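Mind the numbering: the sequence shown is residues 21 to 358 in this note's numbering, read in order.
We put the beta carbon where it would ideally sit given N, CA and C, even for glycine.
Owing to the predicted nature of the structure, the values given are computational and were not obtained by experimental measurement.
As structure tokens, the structure follows; a few thoughts come after it.
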Amino acid sequence: MYSMKPKERVLKALNREPVDRIPVGNPTSVATVESMEQCGAFFPDAHLDPEKMATLSATGFELLGFDTIAPYFSVQQEAAAFGAKMRWGEVDSMPDVLENLYEDPSQIVIPSDFLERPPIHTVIESLRILKKYYGDNLCLVGKVMGPWTLSYHLHGVQSFLINTILDPEKVRGFLQKLKAVTIMFANAQFEAGADVVTLADHATGDLVSGDCYKDFLLPVHQEINKLINGPTILHICGNTTDRLDHIAKAGFKCFHFDSKVNPTEAKKIIDGRISLTGSINNPTVLYKGTPEDVRREVYKNCEAGIEMISPECAIPLRTPNENLRAIVKAVEEYCKDN
Ligand SMILES: [Zn+2]
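Now the structure itself:
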């Protein structure tokens, strides 16, 4: 029925080239408790066991029909590898970091065995496993935290944000020090088999201004993207409308946006410079809504010309699989009729 393999479909869509149908992808996690029960790989074990991480992430294709597989579920593998005290969570909760390791950027030393440390090695090894089984057919999506998010986890959200005003040099110091982690981990994931890597850097509209993104982060993102050996998708949740123009200049292949951003407006601002993926609402539509609600959101994004349809962020773990499958079904219907 379709002429392209999922991998080709996704990579062409991210390049804004013609596709046989709009792809459905997940730059962030689509792991659910329902999927864990069906595949036998559960949180929290799946964060630190490559086989389980690969098995659970593959449910995105096997059970939901997505065109991508993305094994890094949480946002804390890097902080854990730095040695921060962790709560790895339960079957229905994400891991969390329990301490802030660094007061000042000068204290940070990136461990020489960083890529071999279990939280990092698990992601890399799971990509190798997925590459062997799915590499020809599916688009494998890696993920890394950008230096802004790493600063939240290693220094503390509040202190970091206050310093964008009180001590901007300290903020720049953290970004300069931590960007090396982002680059190193992304390149290791490409080497292991990732086709594209999501870079999550939560300079969100709820916390910082668009000018703040431009001032602190845009030059760092441009530099990082020059040193990463493959296409990247930037992920920032919340309303990012006021920084879309800057994001389009940062060297990413694609931007993964939130349902707080109007997809038609986003397309207009981005103006064909990069591709867009999103923006099916998590809490009200995917988690609490019906397949009919999902269909309406999917159509809104397809009609706006969004290149790849995806949930706006890592989905709530109790999201019903039926609603996730409804994304694929609605995209197929839309593409048949249009
Ligand atoms: Zn997010």
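Within 9 Å, strictly: CB atoms of residue i and residue j
i    : j    : result
F81  : Y22  : no
V216 : V161 : yes
I248 : T218 : no
Q97  : P131 : no
S49  : A90  : yes
E312 : C274 : no
V95  : P64  : no
A223 : F236 : yes
T88  : C159 : yes
I185 : P70  : no
I329 : V351 : yes
A51  : L337 : yes
L254 : G166 : yes
C59  : L83  : yes
K27  : N207 : no
Q209 : I267 : no
Integer Cβ distance of residue i from residue j, believed to fall under 8 Å
i    : j    : result
N341 : P283 : In fact, because the Cβ distance is near 24 Å, the residues do not count as touching under 8 Å.
G225 : D262 : 7 Å
A101 : V117 : So it is not a contact: roughly 11 Å between Cβ atoms.
L306 : P331 : 6 Å
I294 : F272 : 6 Å
S179 : L198 : The Cβ separation is near 15 Å, so there is no contact.
G325 : K287 : 5 Å
Range of the contiguous alpha helix (DSSP H) that encloses residue i
i    : result
P70  : 70 to 82
T202 : 188 to 212
P115 : Per DSSP, P115 belongs to no alpha helix (DSSP H) and is neither H nor E.
S146 : 138 to 154
K27  : 26 to 34
M165 : That residue, M165, is in no alpha helix (DSSP H); its beta strand (DSSP E) goes 159 to 165.
S55  : 53 to 59
K320 : 311 to 324
I289 : 283 to 290
L238 : 238 to 247
D265 : 264 to 267
Q97  : 97 to 101
Alpha-carbon to alpha-carbon, residue j and residue i
i    : j    : result
P303 : L76  : 22 Å
G103 : P43  : 38 Å
R192 : H173 : 16 Å
P47  : D278 : 12 Å
R25  : L34  : The sequence as given places Lys at residue 25; Arg does not occur at that position. Between K25 and L34, the C-alpha separation is close to 14 Å.
C257 : G298 : 10 Å
N120 : Q127 : 12 Å
L135 : H141 : 6 Å
L195 : H175 : 11 Å
E57  : F86  : 19 Å
L344 : G309 : 11 Å
H241 : I290 : 17 Å
S113 : S146 : 21 Å
I347 : R315 : 7 Å
N259 : W108 : 29 Å
A220 : K356 : 33 Å
D40  : E353 : 13 Å
P38  : E323 : 16 Å
I182 : C232 : 12 Å
F93  : H67  : 7 Å
K246 : D124 : 27 Å
D133 : R36  : 38 Å
V53  : A200 : 34 Å
F62  : A74  : 11 Å
K234 : A212 : 32 Å
K151 : V30  : 16 Å
P188 : K280 : 28 Å
P239 : K190 : 16 Å
A270 : W168 : 15 Å
Y122 : Y319 : 45 Å
M106 : N358 : 48 Å
E285 : V177 : 30 Å
E243 : G250 : 14 Å
C-beta neighbour in chain C for residue i, strict 9 Å
i    : result
G292 : Here chain C cannot be found, since the structure has a single protein chain.
First through last residue of the beta strand (DSSP E) which encompasses residue i
i    : result
S299 : 295 to 300
V217 : 216 to 220
P331 : 328 to 331
I253 : 252 to 255
H276 : 274 to 276
L337 : Careful: L337 lies outside any beta strand (DSSP E) and carries neither H nor E.
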